[in-house]
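Heads up: the structure comes next, in structure tokens.
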């Protein structure tokens, strides 16, 4: 009998009824309670019934019991999870899904425990915290994200890595004279009985420098600190493209200008300049930082090196930003583009919702 049981691959999936049938079969074979219990422990391990339970059912079978099901229990039937109460809970939730079990209990005259059982066992509900998103996307904006993603994937399937290798992406970001550490960065190794470290929550520093950063799979091509007081409009953006980015590409990416640049994340106002350079624009969907490598990868990684440091002057900020970018792992840019591709695949398949 033990050999028969041990051959079962689903040894963890025996119900109480299954175990009782095995006990009954073992009794018919002439086994005693100790031997049957040993077989069950060998197979079910910690899920095996106690020796007392095995003895009880051995005795019942020996006395002639055939039915292995539980006998009906006396008392009032359980109605807490009946259809009527399920309907009450659904009606209560229909106007506010944030209600607590206590609030639903008050409205329905049910106990809090009954409400919880209906929600979890009958309705398969689970209270979930809200997820912060950059913007509440409209159907039109979701459709725009899906179209961008599908076009991107179509190009990638046709051109593979040659497509990704020709993309230059970038954006602007503020770098502050002081940016507090993240909660994870402030973690310290302490003894078990020591309290958690405490730090005063501070705002970002008042002094800040805007940086325009452009990069591809091989790394940063241009890091341009915008002079204080400068407004980044279409005219200024064109000037940076012409006087800073284009010469940087020619210097750092030999042959890329001739192979045809795919420029991602540029405003429509500069399309005439891009057309003059014969650069193709990969227009970015609105409210989509989750689909921009600079937002989900480069800027957070760069600023991680700067958090917790205090800078006194604009030049200090500029130099520290330069060092932070230099210290980034060169392979991280390839990783960023691979992650970008995965995010785009998710966006195309989830109807344009935000991805993480």
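In the UniProt record's numbering, the protein residues as written are 1 to 356.
Beta carbons are placed, not taken as given, at the ideal position from N, Cα and C, and that holds for glycine.
Since the model is a prediction, treat every value here as computed from it, not as a measurement.
Only exposed fits residue 129, as fewer than 16 other CB atoms lie within 10 angstroms of its CB. By the C-beta criterion, the segment 262-277 is judged to be in contact with the segment 167-180, since at least 3 inter-stretch pairs fall below 8 Å. In this structure, residue 26 sits away from residue 19, with a CB-CB distance that is not shorter than 8 Å. Given a length threshold of 3 residues, the UniProt domain "Mos1 transposase HTH" (17-58) has no whole run of the beta strand (DSSP E) inside it. Taking a 10 Å sphere around the C-beta of residue 84, we find fewer than 16 other C-beta atoms and assign the residue as exposed.
Taking residue 205 as reference, the option from 132, 317, 124 with the minimal CA-CA separation is 317.
When the beta-carbon positions are compared, residue 146 and residue 348 come within less than 8 Å of each other.
Looking at 152, 39, 17, 148, the one whose alpha-carbon comes closest to that of residue 67 is 17. For residue 112, the uninterrupted alpha helix (DSSP H) run begins and ends at 112-117, by DSSP.
Distance from the CA of residue 58 to the CA of residue 23, rounded to the nearest whole angstrom, comes to 7 Å. Secondary structure note for residue 195: it is in no alpha helix (DSSP H), with a DSSP letter that is neither H nor E. In the same chain as residue 69, and ignoring 5 residues on each side of it, the C-beta atoms closer than 7 Å to its own belong to 17, in chain order.
The continuous stretches of alpha helix (DSSP H) do not include residue 281, which lies in the beta strand (DSSP E) extending over residues 280-282.
Burial of residue 144 is indicated by the presence of at least 16 other C-beta atoms within 10 angstroms of its C-beta.
For residue 340, the three-state secondary structure derived from DSSP is helix. As the crow flies, the alpha-carbon of residue 230 is around 28 Å from that of residue 278. Taking 3 residues as the minimum length, the beta strand (DSSP E) runs contained wholly in the segment 183-265 are 208-216, 219-225, 262-264, in order along the chain.
Residue 329 holds the alpha-carbon nearest to the alpha-carbon of residue 219 among 110, 158, 329. Taking the Cα of residue 210 as reference, the smallest distance to any Cα among 106, 194, 256, 172 is reached at 172.
Closest in alpha carbon position to residue 127, among 101, 141, 109, is 101. Look at the beta carbons and you see the segment 301-308 touching the segment 173-183: at least three pairs across the two are nearer than 8 Å.
Annotation for residue 270: no beta strand (DSSP E) segment contains it, and DSSP assigns it neither H nor E. In this structure, residue 353 sits near residue 142, with a CB-CB distance shorter than 8 Å.
In this chain, residue 63 is not harboured by any alpha helix (DSSP H), its DSSP state being neither H nor E. Separation of residue 315 and residue 228 (C-alpha to C-alpha, rounded to the nearest whole angstrom) is 11 Å.
Distance from the CA of residue 236 to the CA of residue 226, rounded to the nearest whole angstrom, comes to 10 Å.
In the DSSP assignment, residue 171 forms a beta bridge with 213. In this structure, residue 337 lies near residue 217, with their beta-carbon atoms less than 8 Å apart.
Close CB contacts of residue 245 within its chain, under the 6 Å cut and outside five residues either way in sequence, are with 214, 222 (chain order). Note that the C-beta distance between residue 81 and residue 21 is not below 8 Å. A buried status is given to residue 297, since no fewer than 16 other beta-carbon atoms sit within 10 Å of its beta-carbon. In the structure shown, the three-state DSSP call for residue 166 is coil.
Residue pairing for residue 132: DSSP places it in no beta bridge. The criterion of a C-beta distance shorter than 8 Å is satisfied by residue 163 and residue 155. Pairing residue 199 with residue 176 gives a Cβ-Cβ distance that is not under 8 Å. Under the three-state reduction of DSSP, residue 354 is assigned to coil, being neither helix nor strand.
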